[in-house]
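Just below is one structure, and these are the notes that go with it.
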Amino acid sequence: MTDANLSPAIKPKANQIHSPAWYRLDNAAKIYPAVKTYKWSMMFRLGVLLDEPVDPPVLEAALEETIKRFPTLAVRMRQGLFWYYLEHNPAAAPPVRPDIQNPCQRVKWRENRRFLFRVYYYNRRIACEFFHSLTDGHGGLMFLNTLTAAYLARKGHTVPPEGSILDIGAAPDPEELEDAFSRYANSKARIVLRPPKSYKIEGTGTGDYRFNLTAGIVPADKLLALSRAAGVSVTEYLSALIVDVFYRKQLRERKRQRPVTVQIPVNVRKYFPSKTMRNFTLYMIPAIDPNLGEYTFDEILSNINLYMKGNLNGKRLNAHMSTNMMFERNPIIRAAPLFLKNLVLHVVYRFVGRRHTTTVTNMGRVSVPPEMRGHVLRYEAVLGPALDNSVHCAVISYENKMVITLSNTTEENDIERDFFTRLVKLGIPVKIESNRPSGEDTHALLRQLRRGT
Amino acid sequence: MPYCVNCGVELDRTQSACPLCDAPVLHPTCPVDTESPAPYPQAVSLPKSSRKKYLAFVLTGVLAITSGVCLVINALAADSGLWSLFVLFSCALFWLLGILPLVLWRSSPYLYVLVDVVSISLYIYSFSVTLDSRGWFMEIMLPMLGMLLVMALAMTAWLRRKRREWPDICMFVVVSAALSSLAVDLLLHLAVDGAPGLGFSFVSVTCGAALVVFFGFISRNRRFRAWLTRKFHV
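Here the protein sequences come in this chain order: L and P. Taking our numbering, the leading residue of the first sequence gets 1, the next gets one more, and so forth. Taking our numbering, the leading residue of the second sequence gets 1001, the next gets one more, and so forth.
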């Protein structure tokens, strides 16, 4: 397929795209390079399952075409004296690689042609992994959809640029490149979220560069009906369910009971309109404290629902992001050298930043143009491995298929089993897919890991 | 479509066991599909340890420059003796002990032990040759190094066999130390007096025996170990 076969809307227009040579990291992005370790970085993955096997050379060509439309992704990380910053990457695109069993590995500034995101293919799946300093789930999904549309266009299926698909021939809107936190953070109120020291699961670690994924595919309408019947959103319902699973696991352990907290990322674009492709997400952290007494599932549900109702509004979100920006705007902090900032952020993150028990992120329902619908089977979202033992949950829906992916850094799978069997007991049919090797595969995998290949 | 009889979830046709409970899939009419690709790839990829190799490269350069400079200075001032050889041997020993593991990342631990003991032996031997007194090396050092090699290999094999508790590891170390002191004592008596005998090793063996009893008690008494952990936690 050549450029002549592309639809006029998708066809690139030469010399049209101008983007800044460098970007300051946005407020949310600043923490991730500082807390990154030699073996771990904050990564997330978005994938799309197509109706036919992926053609790697075509995907590579589509990627080279698409990356030009996303100047905030076509960057490399650089160190300044006081801050990290993102600089335009002159390389064409990162290499397109066959997918692996252990995704979301750490980024290194010099690897992957210095790009901070990776593109994989496996059978019918296209998957993109992003370092969180680049973008959040919204930006990542826009990129994946645009890449998929460009790929389909090269395969002879015309997809018009609308909704979450950008016109790869057009110049990027300046609003797409903006730091939306700086634009909107103007509240005089201050809100500091200090989650209590929470329950953390114990277990056998999976080892470096590996974690277990378990995806449950459920009918979105049934789960939506269940949530509506309980008078809550799907995110709140799933958060309550996973909190309940952790709460009951902690009760079974008969140890000192700690609060169970769940971190729920919120796409702030819904409250503060912005087209930014960079990070624009804040976090809600509802919690239950087992020391207060026994909780039923309904009580947990109402607890989370009330917390979200009380905190999820423009004023409180603005106060929250203004508090975050306060540190960044402080002249003394700004003048501190980067190594000192890194040290302080690393220590703060280790001791305070990851106190929550789990994370539930809901990417929402993906909608694509009708021309693309027939070629897409479903979407997948994965939260990368955590720095410590934990299970995190990412949810994404497409048409009537909701994919709930639990990423676990331990070998034990009781959280996944409890969570999905609870859904089955609630009358939701669940189809399970996992990257866990079984039986002889486990020994083969361990041998492979020991060999270091 | 196969379902897990235990969890009630639907499984992919390629799954031979339930990922949630490991229950095997035994479908009478729908055998496990071994032809189609699995939902997730099975190929594992580990990132390259470029930092270790980079560090090894830099340290090798530093050692090479140090040795080279010393050799040149020593050659220019030939009347100052062969001191540069000691620097050269020390650099070589440091390279074998400290830098080689960075290059041979993920190699067998037996290989590390063997390389370490052999390099230490050669290092000490080089001193005995340079100082022209090989007797003490052959009579005392070589048997001691041989014993060190055997004990290090035994400990490596013992630790690799299964996960050991810390009191057991302490016991092993204490027993090894007591045996070493006994062997050194015997060898010294043989070399100096010409007949076997015991001296300072009596104290170390007695202390070692007491420590072995103590750690053995900790190893077997879980309550005592828990009490110790509670009382002396840092």
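Virtual Cβ for every residue (Gly too), placed ideally from N, Cα, C.
Distance between beta carbons of residue j and residue i, contact taken as under 8 Å
| i | j | result |
| --- | --- | --- |
| L/V366 | L/I404 | Wrong, their Cβ atoms sit about 14 Å apart, outside the cutoff. |
| L/V96 | L/Y349 | Contact flag wrong, Cβ pair sits at about 32 Å. |
| L/S227 | L/V262 | About 16 Å; that fails the 8 Å criterion. |
| L/K200 | L/T357 | 7 Å |
| L/F211 | L/N89 | That belief does not hold up - the Cβ atoms of L/F211 and L/N89 are roughly 28 Å apart, past 8 Å. |
With 16 other Cβ atoms within 10 Å as the buried cut-off, status of residue i
| i | result |
| --- | --- |
| P/N1221 | exposed |
| L/W40 | buried |
| L/N102 | buried |
| L/T281 | buried |
| L/I393 | Reading the sequence as shown, one finds Cys at residue 393 of chain L and not Ile. The residue is buried, with at least 16 neighbouring Cβ atoms inside 10 Å. |
| L/Y143 | It is worth fixing the name first, because residue 143 of chain L is Phe in this sequence and not Tyr. Buried, by the Cβ-count rule. |
| L/I285 | buried |
| L/H132 | buried |
| L/R254 | exposed |
| L/F117 | buried |
| P/V1072 | exposed |
| L/L6 | Residue placement at L/L6 is flagged as unreliable, the pLDDT there being 38, under the threshold of 50; a coordinate-derived value is accordingly withheld. |
| L/D51 | exposed |
| L/A4 | Only weak support is given to the placement of L/A4: the predicted model assigns it a pLDDT of 40, under 50, and the value that follows is read from those uncertain coordinates. Exposed. |
| P/F1217 | exposed |
| P/H1027 | exposed |
| L/G216 | buried |
| L/T37 | exposed |
| L/K309 | exposed |
| L/F351 | exposed |
C-beta contact flag for residue i and residue j at 8 Å
| i | j | result |
| --- | --- | --- |
| L/A62 | L/Y121 | no |
| L/V376 | L/Y398 | yes |
| L/F70 | L/P94 | no |
| L/A335 | L/P195 | no |
| P/C1007 | L/F420 | yes |
| L/W83 | L/R24 | yes |
| P/C1070 | P/S1084 | yes |
| L/L141 | L/M321 | no |
| L/R373 | L/K401 | no |
| P/C1004 | P/C1030 | no |
| P/V1117 | P/L1088 | no |
| L/Y283 | L/I264 | yes |
| L/T135 | L/L73 | yes |
| L/L241 | L/V234 | no |
| L/Y237 | L/L301 | yes |
| L/I191 | L/T276 | no |
| P/V1115 | P/A1152 | no |
| P/I1124 | P/M1147 | no |
| L/T214 | L/S434 | yes |
| L/G137 | L/A381 | yes |
| L/F327 | L/I333 | yes |
| L/T359 | L/L383 | yes |
Closest Cα partner of residue i within the set the options
| i | options | result |
| --- | --- | --- |
| P/G1194 | P/S1176, P/L1131, P/D1185, P/L1055 | P/D1185 |
| L/T206 | L/L241, L/E236, L/D388 | L/D388 |
| L/R154 | L/R97, L/R118, L/E60, L/F115 | L/E60 |
| P/F1202 | P/R1160, P/R1223, P/L1190, P/L1179 | P/L1179 |
| L/Q355 | L/A149, L/D244, L/V192, L/P259 | For the sequence presented, residue 355 of chain L should be read as Arg rather than Gln. Looking at the Cα atoms, L/P259 is the closest of the given residues. |
| L/T146 | L/L166, L/P174, L/G353 | L/L166 |
| L/N459 | L/V54, L/R316, L/Y32 | In this structure chain L extends from 1 to 453, so residue 459 of chain L is not present and cannot be described. |
| L/Y295 | L/D221, L/F246, L/T135 | L/F246 |
| L/K197 | L/P160, L/F297, L/G353, L/R76 | L/G353 |
| L/E202 | L/I432, L/N318, L/I415 | L/I415 |
| P/G1199 | P/V1175, P/A1209, P/L1182, P/W1158 | P/L1182 |
| P/L1188 | P/F1137, P/W1158, P/S1016 | P/F1137 |
| P/F1127 | P/P1041, P/S1090, P/Q1015 | P/S1090 |
| P/F1086 | P/L1122, P/L1059, P/L1100, P/V1062 | P/L1122 |
Any non-hydrogen atom of the ligand COA closer than 7 Å to residue i Cβ
| i | result |
| --- | --- |
| L/Q250 | As for the ligand COA, it is missing from this structure, which has no ligand bound. |
In chain order, what residues of the stretch 1036-1056 of chain P put their CB closer than 7 Å to some CB of chain L? P1037, P1039, Y1040, P1041, Q1042, A1043, V1044, S1045, L1046, P1047, R1051
What are the residues in the stretch 1192-1226 of chain P lying within 9 Å of chain L by C-beta distance? none
Between the stretch 207-221 of chain L and chain P, which residues of the former have CB atoms less than 9 Å from a CB of the latter, in chain order? D208, Y209, R210, N212, L213, T214, A215, G216, I217
Residues within the stretch 1003-1031 of chain P neighbouring chain L, beta-carbon criterion of under 8 Å: C1004, C1007, G1008, V1009, E1010, L1011, D1012, Q1015, S1016, A1017, C1018, P1019, L1020, C1021, D1022
Taking any Cβ of chain P, which residues in the stretch 182-210 of chain L have a Cβ under 9 Å from it, in chain order? D208, Y209, R210
Chain P contacts from the stretch 76-104 of chain L (Cβ-Cβ distance under 9 Å): R97, P98, D99, I100, Q101, N102, P103
Contact residues within the stretch 255-277 of chain L, judged by C-beta distance below 9 Å to chain P: none
So if I threshold CB-CB distances at 7 Å, which residues from the stretch 397-425 of chain L count as touching chain P? N413, E416, R417, F420, T421, V424
To be precise: take each residue of the stretch 17-40 of chain L, compare its Cβ to all Cβ atoms of chain P, and keep it if any distance is under 7 Å. Which residues remain? Y38
Near-chain P residues of the stretch 239-252 of chain L - C-beta to any C-beta below 9 Å: none
Name the residues in the stretch 118-150 of chain L whose C-beta lies less than 8 Å from a C-beta of chain P; which are they? Y122, N123
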